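Asker: Questions regarding the structure given below will be posed in turn.
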Amino acid sequence: MAAQTPVEDAIRQKITAALNPTTLDIYNDSHLHAHHKPMQGVTSTETHFRLVITSEAFKSKMQPARHRLVYSLLKDELAQEGGIHALQLRTMTPEEEAKRSAQETGTN
Amino acid sequence: MFSRTVFSRTVRQTAFSAIRPAATPVGPSPFSLSLAVQRRLLSDAVRQAIDKAVASAPVVLFMKGTPETPQCGFSRASIQVLGLQGVNPDKFAAYNVLEDQDLRQGIKEYSDWPTIPQLYVDKEFVGGCDIVISMHQNGELAKLLEDKGVVVREGEQAEGEKRE
Chain A
5 MAAQTPVEDA IRQKITAALN PTTLDIYNDS HLHAHHKPMQ GVTSTETHFR
55 LVITSEAFKS KMQPARHRLV YSLLKDELAQ EGGIHALQLR TMTPEEEAKR
105 SAQETGTN
Chain B
216 MFSRTVFSRT VRQTAFSAIR PAATPVGPSP FSLSLAVQRR LLSDAVRQAI
266 DKAVASAPVV LFMKGTPETP QCGFSRASIQ VLGLQGVNPD KFAAYNVLED
316 QDLRQGIKEY SDWPTIPQLY VDKEFVGGCD IVISMHQNGE LAKLLEDKGV
366 VVREGEQAEG EKRE
């Protein structure tokens with residue numbers, strides 16, 4: 005049987021292989037945007053993704069460099085006709101993630 | 216063929232306020248190159264035009280739609296953040312990539328960044344929507360914009376806002 009989520013699978017496989025992430029959350033938000041104008045005629049249900057990635061590979065890299073790293077891994081998926089249309093990223097190191105969750109528990 | 220102005224700059228004093236009706240900044244497409252020519256190939260002409268656009272104001276946003284009527288949620292969010300930050304409309308320019316295929320493709324290659332919107336401050340690439348928002352939340356954006364002297368200071372209002 006063909007994969008139901010080929011794009012999501014490719015994202016998971018490529019990011020896992022290249023970044024060895026301690027956290028990798030992939031959210032497919034495509035259904036929220038299915039009726040937007042640019043999506044007219046697009047049949048793919050994998051167009052809008054939101055990724056939360058925590059990896060040591062982001063250490064000592066500024067945010068734009070981290071995002072570029074992820075973009076470069078997903079170059080083909082982004083360039084493909086009917087491929088990824090929108091990609092939201094949150095890129096953290098393990099330290100930053102720990103800090104963030106400490107803050108969140110602190111304020112709640 | 217490239218003697219016309221660069222990409223139409225859609226900046227207006229109303230950029231961050233909805234007081235006046237949306238301006239219609241749509242001009243003639245500055246580039247008459249056919250679509251096929253520039254795909255994945257940033258010509259010198261396009262690069263120079265983007266150089267000019269990036270340098271046209273201290274704060275430059277490449278976006279989908281105009282500040283008054285963004286055509287994409289991420290562009291809208293970015294404009295809203297710049298508004299919340301109090302960016303001086305006189306020091307801001309927005310370029311609508313939907314108006315110009317050369318710009319739309321060219322800016323991606325120019326910035327080595329595959330998505331729109333893209334924010335430049337003082338000719339330096341800052342990031343896309345996610346970065347703009349996280350910098351807004353953690354205070355880095357306020358600091359950057361203040362250091363660059365591009366925000367409207369408290370007590371002195373931008374021209375466009377006085378009208379209300």
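The listed protein sequences derive, respectively, from chains A and B.
Numbering of the first sequence is given in my numbering, commencing with residue 5 and proceeding in unit increments.
Numbering of the second sequence is given in my numbering, commencing with residue 216 and proceeding in unit increments.
Quick reminder that beta carbons are idealized off the backbone N, C-alpha and C, glycines included.
Small disclaimer: the values here were computed from a predicted structure and weren't measured.
Under 8 angstroms between C-beta atoms, does Pro68/A make it to chain B?
Answerer: Yes, its Cβ sits closer than 8 angstroms to a Cβ of chain B.
Asker: How is Ile294/B classed by DSSP in three states: helix, strand or coil?
Answerer: Three-state result, Ile294/B: helix.
Asker: Can you tell me whether DSSP reads His40/A as helix, strand or coil?
Answerer: DSSP places His40/A in coil when its eight states are reduced to three.
Asker: With respect to the beta strand (DSSP E) encompassing Met66/A, which residues constitute its N-terminal and C-terminal limits?
Answerer: Careful: Met66/A lies outside any beta strand (DSSP E) and carries neither H nor E.
Asker: Round the Cβ separation of Leu276/B and Ala309/B to the nearest angstrom and send it over; I've been treating them as touching at under 8 angstroms.
Answerer: Between Ala309/B and Leu276/B the Cβ distance is about 5 angstroms, and since that is below 8 angstroms, they are a contact.
Asker: Look at the alpha carbon of Glu324/B and the alpha carbon of Leu257/B, and state the distance between them as a whole number of angstroms.
Answerer: Rounded to the nearest angstrom, the two C-alpha atoms are 7 angstroms apart.
Asker: Kindly indicate the opening and closing residues of the alpha helix (DSSP H) around Glu361/B.
Answerer: Where Glu361/B is concerned, the enclosing alpha helix (DSSP H) stretches over 355–362.
Asker: Could you have a look at His89/A and say whether DSSP puts it in helix, strand or coil?
Answerer: The answer is coil: DSSP assigns His89/A none of H, G, I, E or B.
Asker: To the nearest angstrom, report how far apart Thr95/A and Ser293/B are at their CA atoms.
Answerer: If I take the Cα positions, the gap works out to 18 angstroms.
Asker: Kindly indicate if chain A contains any beta-carbon less than 8 angstroms away from that of Asp345/B.
Answerer: Taking Cβ atoms only, chain A reaches closer than 8 angstroms to Asp345/B, which makes this a yes.
Asker: To which residues of the same chain is Ser64/A closer than 6 angstroms at the C-beta, ignoring the five residues directly before and after it?
Answerer: Closer than 6 angstroms at the Cβ level, and outside the excluded window around Ser64/A, lies no residue.
Asker: Can you pull the DSSP bridge partners for Gln333/B?
Answerer: Gln333/B is bridged to Phe277/B.
Asker: Would Ala270/B pass as a contact of Phe307/B if the rule is Cβ separation under 8 angstroms?
Answerer: Going by C-beta atoms, Ala270/B is not nearer than 8 angstroms to Phe307/B.
Asker: Within 10 angstroms of its Cβ, does His39/A collect 16 or more other Cβ (buried), or is it exposed?
Answerer: Counting Cβ neighbours within 10 Å, His39/A comes out exposed, since fewer than 16 surround it.
Asker: Less than 8 angstroms between CB atoms is the rule here; does Thr330/B satisfy it with respect to chain A?
Answerer: Chain A, which has a Cβ nearer than 8 angstroms to the Cβ of Thr330/B, makes this yes.
Asker: Closest to Lys79/A by CA distance: which of Thr9/A, Ala14/A, Pro42/A, Gln8/A is it?
Answerer: Checked all of Thr9/A, Ala14/A, Pro42/A, Gln8/A; the closest Cα to Lys79/A is Ala14/A.
Asker: Taking 8 angstroms as the threshold (beta carbon to beta carbon), is Asp327/B in contact with chain A?
Answerer: Yes, its Cβ sits closer than 8 angstroms to a Cβ of chain A.
Asker: Evaluate the contact criterion for the stretch 81–95 of chain A versus the stretch 40–59 of chain A: three or more CB pairs, one atom per stretch, below 8 angstroms.
Answerer: Yes: the two stretches touch, three or more of their Cβ pairs being nearer than 8 angstroms.
Asker: Output yes if chain A places a C-beta closer than 8 angstroms to the C-beta of Gly321/B; else output no.
Answerer: Not closer than 8 angstroms to any Cβ of chain A, the Cβ of Gly321/B fails to qualify, so no.
Asker: For chain B, check one thing: does any of its Cβ atoms lie closer than 8 angstroms to the Cβ of Ala21/A?
Answerer: No, its Cβ sits nowhere closer than 8 angstroms to a Cβ of chain B.
Asker: Use the C-beta contact count for Pro10/A: other C-beta atoms within 10 angstroms, 16 or more gives buried, fewer gives exposed.
Answerer: So Pro10/A counts as exposed.
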